[in-house]
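Participant: First residue of the sequence shown? That's 1 in my numbering, and the numbers climb one at a time after it.
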Amino acid sequence: MGATLITNIGELTTNVGRNGDPCGTLRDAAVLIEGTRIAWVGAASDAASRISDRDVASTRHGAGEQLRSQRPNDITRHRDGGGGVEVVDAGGRAVIPGFVDSHTHLVFGGDRADEFEARMTGTPYAAGGIRRTVAATREASDEELRARLAGFVDELHVQGTTTFEIKTGYGLTVADEARLARLAAEVTTEVTFLGAHVVPAEYADRREEYVELVCGEMLRACTAHSRWIDVFCERGAFTPAESERILVAGIAHGLAPRVHGNQLGPGEGVRLAVALEAASVDHCTYLSDADVAALAGSRTVATLLPGVEFSTRQRYPEARRLIDAGVTVALASDCNPGSSFTSSMPLMVALAVREMGMTPAEAVWAATAGGARALRRDDVGGIAPGMRADLVLLDAPTRVHLAYRPGVPLVRTVWVGGERL
Numbered sequence: 001m002g003a004t005l006i007t008n009i010g011e012l013t014t015n016v017g018r019n020g021d022p023c024g025t026l027r028d029a030a031v032l033i034e035g036t037r038i039a040w041v042g043a044a045s046d047a048a049s050r051i052s053d054r055d056v057a058s059t060r061h062g063a064g065e066q067l068r069s070q071r072p073n074d075i076t077r078h079r080d081g082g083g084g085v086e087v088v089d090a091g092g093r094a095v096i097p098g099f100v101d102s103h104t105h106l107v108f109g110g111d112r113a114d115e116f117e118a119r120m121t122g123t124p125y126a127a128g129g130i131r132r133t134v135a136a137t138r139e140a141s142d143e144e145l146r147a148r149l150a151g152f153v154d155e156l157h158v159q160g161t162t163t164f165e166i167k168t169g170y171g172l173t174v175a176d177e178a179r180l181a182r183l184a185a186e187v188t189t190e191v192t193f194l195g196a197h198v199v200p201a202e203y204a205d206r207r208e209e210y211v212e213l214v215c216g217e218m219l220r221a222c223t224a225h226s227r228w229i230d231v232f233c234e235r236g237a238f239t240p241a242e243s244e245r246i247l248v249a250g251i252a253h254g255l256a257p258r259v260h261g262n263q264l265g266p267g268e269g270v271r272l273a274v275a276l277e278a279a280s281v282d283h284c285t286y287l288s289d290a291d292v293a294a295l296a297g298s299r300t301v302a303t304l305l306p307g308v309e310f311s312t313r314q315r316y317p318e319a320r321r322l323i324d325a326g327v328t329v330a331l332a333s334d335c336n337p338g339s340s341f342t343s344s345m346p347l348m349v350a351l352a353v354r355e356m357g358m359t360p361a362e363a364v365w366a367a368t369a370g371g372a373r374a375l376r377r378d379d380v381g382g383i384a385p386g387m388r389a390d391l392v393l394l395d396a397p398t399r400v401h402l403a404y405r406p407g408v409p410l411v412r413t414v415w416v417g418g419e420r421l
């Protein structure tokens with residue numbers, strides 16, 4: 001893999017804080033990619049000097065002339081036959097880091113559009129619908145699940161998501177949870193074991209047996225393909241005591257904890273996440289002052305999932321309250337067939353700005369750097385030398401347009417690990 005120079009960037013979001021700007025905004029900027037990593041970030045006027053004499057000579061009709069005279073609204077590329085520098089003229093457009101979606105449920109079978117339709121006419125959301133997806137997923141073949149997952153990955157990429165987590169949780173048998181973890185691991189390193197999604201129907205009267213299964217045989221079967229363990233600590237799912245027991249078992253097997261918490265009402269999810277030093281507690285819709293204070297004093301990220309509130313007509317989380325208290329906030333899609341069947345991180349940004357009191361800069365940071373923190377990653381979510389070259393060129397002059405023009409496909413070009421998709 002050679003080198004790529006993206007120049008004539010009107011607004012570059014680096015997420016390297018400068019003068020109180022957490023987005024580390026640079027104007028009239030350029031980025032040099034070498035292999036899979038970012039090699040240099042700076043002013044477009046300095047870009048030519050970053051290319052070696054040999055490469056300038058070999059791409060004389062590409063880099064040298066493009067940097068001086070290319071029409072500003074064109075995006076063209078040039079690569080010489082000898083593997084010189086490819087030059088992309090951004091034409092004054094904005095570049096942001098690839099989105100980091102730290103909460104998805106992308107391996108499943110079936111469809112629940114009828115539930116969505118019912119909610120839109122007044123039926124309240126309940127976690128029990130998960131069991132419908134469990135039944136459909138168990139019936140689906142590996143080939144069917146793999147093909148559907150590939151379609152979702154393409155969907156993520158075209159919308160600018162370059163890093164994503166995937167949870168199990170729609171198998172709820174040892175064999176099915178293990179295969180979901182295996183299939184997820186084929187497309188991402190960020191796999192979360194979520195055997196504690198709900199208690200499956202066959203264990204409805206044997207909760208203790210199911211918790212024991214999750215903590216034992218099921219956990220052992222999924223550990224090889226997983227990095228994380230999660231639990232749905234919520235009414236209708238798992239009690240705080242059950243949740244703690246499951247998470248502690250996962251930690252003992254080398255998995256790092258995450259928590260679904262405080263979605264359907266006040267609860268112990270945040271307390272549990274902070275006590276176990278979880279990377280993230282997700283949903284955070286119903287928070288007490290004590291919950292907010294606990295998050296502010298911890299490394300646990302509050303991951304907000306506004307697609308859920310959009311799809312269920314529940315109240316939105318109070319992002320402004322969290323940010324003002326000093327809590328690290330991430331945005332994620334929670335893409336799943338029941339409560340948020342969208343993979344669009346641009347939509348999450350727009351909803352966070354419109355419904356949750358976040359500024360466009362805060363929302364873009366939360367959807368990139370915030371997601372990286374929720375995954376305890378320091379190689380993605382920003383644009384700086386040494387980081388993985390995951391970048392998104394927007395067909396817009398600023399990141400504000402992600403909220404200003406909701407629903408418009410503004411993602412023009414995506415690089416994942418230095419490769420232009």
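For every residue, glycine included, the Cβ atom is placed at its ideal position computed from N, Cα and C.
(1) Does H78 come out as helix, strand or coil in the three-state DSSP assignment?
(2) Sort G417, R399 and E355 by Cα distance to G92 and report the nearest one.
(3) May I ask you to report which of helix, strand or coil DSSP gives I166?
(4) Alpha carbon to alpha carbon, how far is T161 from T368? Give it in angstroms, no decimals.
(5) S102: which of I33, G109, F164 and E155 sits nearest, CA to CA?
(6) Please give the ranges of any alpha helix (DSSP H) in the stretch 264-324, keeping only runs that are unbroken, at least 4 residues long and fully inside the region.
(7) With distances taken Cα to Cα, identify the nearest neighbour of T121 among E208, T312 and P240.
(8) In the stretch 180-217, which residue ranges form an unbroken alpha helix (DSSP H) of at least 4 residues, counting only runs that do not cross its ends?
(9) What residue does the beta strand (DSSP E) around F99 start on, and which one ends it?
(10) What's the call for S58, buried or exposed, on a 16-neighbour Cβ count within 10 Å?
(11) Quick one: grab the DSSP three-state call for H157.
(12) Quick one, which of C23, R18 and A29 has its alpha-carbon nearest T7's?
(13) With distances taken Cα to Cα, identify the nearest neighbour of A332 among G98, D21, S49 and G84.
(14) In the DSSP output, what is R27 paired with across the bridge?
(15) Alpha carbon to alpha carbon, how far is G407 from S343?
(16) Roughly how many angstroms lie between the CA atoms of Q263 and G338, to the nearest whole one?
(17) I need the DSSP call for E242, collapsed to helix, strand or coil.
(18) DSSP on S343, reduced to helix/strand/coil?
(19) Ordered along the chain, which non-local residues of its own chain (more than five positions away) have a Cβ less than 6 Å from that of R138?
(20) Do L194 and K167 count as a contact pair if the criterion is CB distance below 7 Å?
(21) Considering Cα atoms alone, identify which of R179, C233 and A330 is closest to V301.
(22) Scan the stretch 99-145 and note each continuous beta strand (DSSP E) run of 3 residues or more that stays entirely inside, going in chain order.
(23) Between S486 and V191, is the Cβ-Cβ spacing less than 7 Å?
(24) Could you check whether the stretch 318-326 touches the stretch 286-298, counting it as contact only if at least three pairs of C-beta atoms, one from each stretch, sit closer than 8 Å?
(25) Where DSSP assigns a beta bridge to E419, which residues make up the other side?
(26) Check each candidate in V411, L5 and L12 and name the one with the smallest Cα separation from I383.
(27) Measuring straight from C-alpha to C-alpha, what distance separates G216 and R206?
Facilitator: With the given structure in hand:
(1) Translated into the one-based positions of the sequence shown, residue 78 becomes position 78. Residue confidence is low: H78 scores 45 on pLDDT, short of 50, so the model does not pin down where it sits. No coordinate-derived value is stated.
(2) Start at 1 with the first residue of the sequence shown, and residue 92 comes out as number 92. Nearest option by C-alpha distance: R399.
(3) Translated into positions along the sequence shown, residue 166 becomes position 166. Looking at I166 - three-state DSSP - the assignment turns out to be strand.
(4) Position 368 of the sequence shown, counting from 1, holds the residue named residue 368. Position 161 of the sequence shown, counting from 1, holds the residue named residue 161. Their Cα atoms are separated by approximately 9 Å.
(5) Your numbering for residue 102 matches position 102 in the sequence shown. Residue F164 holds the alpha-carbon nearest to the alpha-carbon of S102 among I33, G109, F164 and E155.
(6) 269-275, 289-296, 306-312 and 319-324
(7) Your numbering for residue 121 matches position 121 in the sequence shown. Per the Cα distances, T312.
(8) 207-213
(9) Along the sequence shown, read from residue 1 onward, the residue named residue 99 stands at position 99. That run of the beta strand (DSSP E) goes F99 to D101.
(10) Mapped onto the sequence shown, residue 58 falls at position 58. For S58, the predicted structure reports a pLDDT of 34, less than 50, and the residue's modelled location is therefore unreliable. The matter cannot be settled from this model.
(11) The count along the sequence shown starts at 1 and reaches residue 157 at position 157. Helix, per DSSP.
(12) Along the sequence shown, one-based indexing puts residue 7 at 7. Out of C23, R18 and A29, A29 has the C-alpha closest to the C-alpha of T7.
(13) Indexing the sequence shown from 1 puts residue 332 at position 332. Out of G98, D21, S49 and G84, the CA that lies nearest to the CA of A332 is found in G98.
(14) Taking the sequence shown and counting its residues from 1, the one referred to as residue 27 is at position 27. R27 pairs with E11.
(15) Against the sequence shown, residue 407 aligns to sequence position 407. Against the sequence shown, residue 343 aligns to sequence position 343. One C-alpha to the other measures close to 12 Å.
(16) Within the sequence shown, numbered from 1, the residue matching residue 263 stands at position 263. Within the sequence shown, numbered from 1, the residue matching residue 338 stands at position 338. Answer to the nearest angstrom: the Cα atoms are 14 Å apart.
(17) Start at 1 with the first residue of the sequence shown, and residue 242 comes out as number 242. Three-state result, E242: helix.
(18) Here residue 343 is taken as the residue at index 343 of the sequence shown, counted from 1. The answer is coil: DSSP assigns S343 none of H, G, I, E or B.
(19) Within the sequence shown, the letter at position 138 stands for residue 138. So the qualifying residues of the chain are D176.
(20) Taking the sequence shown and counting its residues from 1, one reaches residue 167 at position 167. Taking the sequence shown and counting its residues from 1, one reaches residue 194 at position 194. In contact: K167 and L194 (Cβ atoms closer than 7 Å).
(21) Here residue 301 corresponds to residue number 301 of the sequence shown, with the count starting at 1. Nearest C-alpha to V301: A330.
(22) 99-101
(23) Any property of residue 486 remains undetermined from this structure, which presents the chain solely from 1 to 421.
(24) yes
(25) Position 419 of the sequence shown holds residue 419. Per DSSP, V416.
(26) One-based indexing of the sequence shown puts residue 383 at position 383. The residue among V411, L5 and L12 with its C-alpha nearest the C-alpha of I383 is L12.
(27) Numbered from its first residue, the sequence shown carries residue 216 at position 216. Numbered from its first residue, the sequence shown carries residue 206 at position 206. Those two C-alpha atoms are separated by around 16 Å.
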